[in-house]
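Colleague: Top line first, the protein sequences correspond to chains A and B.
So for the first sequence, our numbering puts the first residue at 62; every next one is plus one.
So for the second sequence, our numbering puts the first residue at 16; every next one is plus one.
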Amino acid sequence: DGGITQSPKYLFRKEGQNVTLSCEQNLNHDAMYWYRQDPGQGLRLIYYSQIVNDFQKGDIAEGYSVSREKKESFPLTVTSAQKNPTAFYLCASSIRIGNQPQHFGDGTRLSIL
Amino acid sequence: EDQVTQSPEALRLQEGESSSLNCSYTVSGLRGLFWYRQDPGKGPEFLFTLYSAGEEKEKERLKATLTKKESFLHITAPKPEDSATYLCAVQAGNDYKLSFGAGTTVTVRA
Chain A
62 DGGITQSPKY LFRKEGQNVT LSCEQNLNHD AMYWYRQDPG QGLRLIYYSQ
112 IVNDFQKGDI AEGYSVSREK KESFPLTVTS AQKNPTAFYL CASSIRIGNQ
162 PQHFGDGTRL SIL
Chain B
16 EDQVTQSPEA LRLQEGESSS LNCSYTVSGL RGLFWYRQDP GKGPEFLFTL
66 YSAGEEKEKE RLKATLTKKE SFLHITAPKP EDSATYLCAV QAGNDYKLSF
116 GAGTTVTVRA
């Protein structure tokens, strides 16, 4: 079955540590996205990628970094510069940038130790 | 700035008690309005796309409608398995991005 796989499901970060969240899709989609979800707020866009080796900042990119070396993969690194990283992180993809709907993975919940 | 507001924040229903969720939006040049369902600890699951005022879409007990300023998600004779958070999102103008509302959490009691 085609879909988006995010791992791990739960992740804990220590002070000053960088952590990387994995996102893999087998939908053959060009565009991929990372969102952050906090209680009582709508999903907020962190980064997006239109195509391999290209990515752009979203609305809340500070303290995060991404790479897009393969079409199937779009990992997100939460750096130590992100002072409030506790959240539910969602990866999504669509056929092309701006094309809808976006399909989502089942998320990674990041907490601080 | 595009704004999407969903109401109510939470809705508790008895099984079989029909109700509606609201998504109001303030955008320039709506390209599409999207409804998603999200179960606890899971990613959003796509339900519907609406493109123009007057459009309606149905799926089982759910029906989505669209006007120029808002969309409604009607739940007819809900069952406990309809319990979830329902998210609304809009895409507008030349923007590739989606703007999401905070969601309505629906709980259906047997």
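Where is the CB? At the ideal position from N, CA and C, for every residue including glycine.
Report all residues from its chain with a CB closer than 8 Å to the CB of Gln-53(B); omit the five preceding and five following residues, and keep chain order.
Modeller: Here the set comprises Pro-59, Glu-60, Ala-99, Thr-100, Tyr-101, Leu-102 and Gly-118.
Colleague: How many whole angstroms separate the CB atoms of Tyr-109(A) and Phe-116(A), which I take to be in contact at a CB cut-off of 8 Å?
Modeller: The pair is a contact, with the Cβ atoms about 7 Å apart (cut-off 8 Å).
Colleague: The beta strand (DSSP E) with Glu-75(B) in it runs from where to where?
Modeller: No beta strand (DSSP E) contains Glu-75(B), which DSSP labels as neither H nor E.
Colleague: Show which residues of chain A have a CB atom less than 9 Å away from the CB atom of Phe-49(B).
Modeller: Simply Gln-161, Pro-162 and Gln-163.
Colleague: Would you tell me roughly how many angstroms separate the C-alpha atoms of Glu-75(B) and Arg-129(A), rounded to the nearest one?
Modeller: Approximately 38 Å, taken between the alpha carbons.
Colleague: Give the DSSP-derived three-state secondary structure of Glu-85(B) in the structure shown.
Modeller: Strand.
Colleague: With DSSP collapsed to three states, give me the class of Asp-99(A).
Modeller: Coil.
Colleague: Short of 9 Å Cβ to Cβ, which residues in the region 109-120 of chain B face chain A?
Modeller: Residues Asn-109, Asp-110, Tyr-111, Lys-112, Leu-113, Ser-114, Phe-115, Gly-116, Ala-117 and Gly-118.
Colleague: Please list, in chain order, the residues of the region 58-85 of chain B that have any C-beta partner in chain A closer than 8 Å.
Modeller: Residues passing the 8 Å Cβ filter: Gly-58, Pro-59, Glu-60, Phe-61 and Thr-64.
Colleague: My understanding is that Val-105(B) touches Tyr-40(B), with C-beta atoms under 8 Å, so please give their C-beta distance in whole angstroms.
Modeller: Rounded, the Cβ-Cβ distance is 5 Å, consistent with contact.
Colleague: Indicate whether the contact test is met: 3 or more Cβ pairs, each with one atom in the region 89-105 of chain A and one in the region 150-158 of chain A, closer than 8 Å.
Modeller: In short, these stretches touch, since the Cβ pair count reaches three.
Colleague: Look up Glu-32(B) in the DSSP assignment and say whether it is helix, strand or coil.
Modeller: DSSP places Glu-32(B) in coil when its eight states are reduced to three.
Colleague: Identify the residues that DSSP records as bridge partners of Asn-37(B): which are they?
Modeller: Bridge partners of Asn-37(B): Ser-22(B) and Phe-87(B).
Colleague: Could you tell me which residues DSSP pairs with Gln-117(A) in its beta bridges?
Modeller: DSSP lists Tyr-109(A) as partners of Gln-117(A).
Colleague: Quick one: give me the first and last residue of the beta strand (DSSP E) that Phe-49(B) is part of.
Modeller: Counting along the chain, the beta strand (DSSP E) containing Phe-49(B) begins and ends at 45-53.
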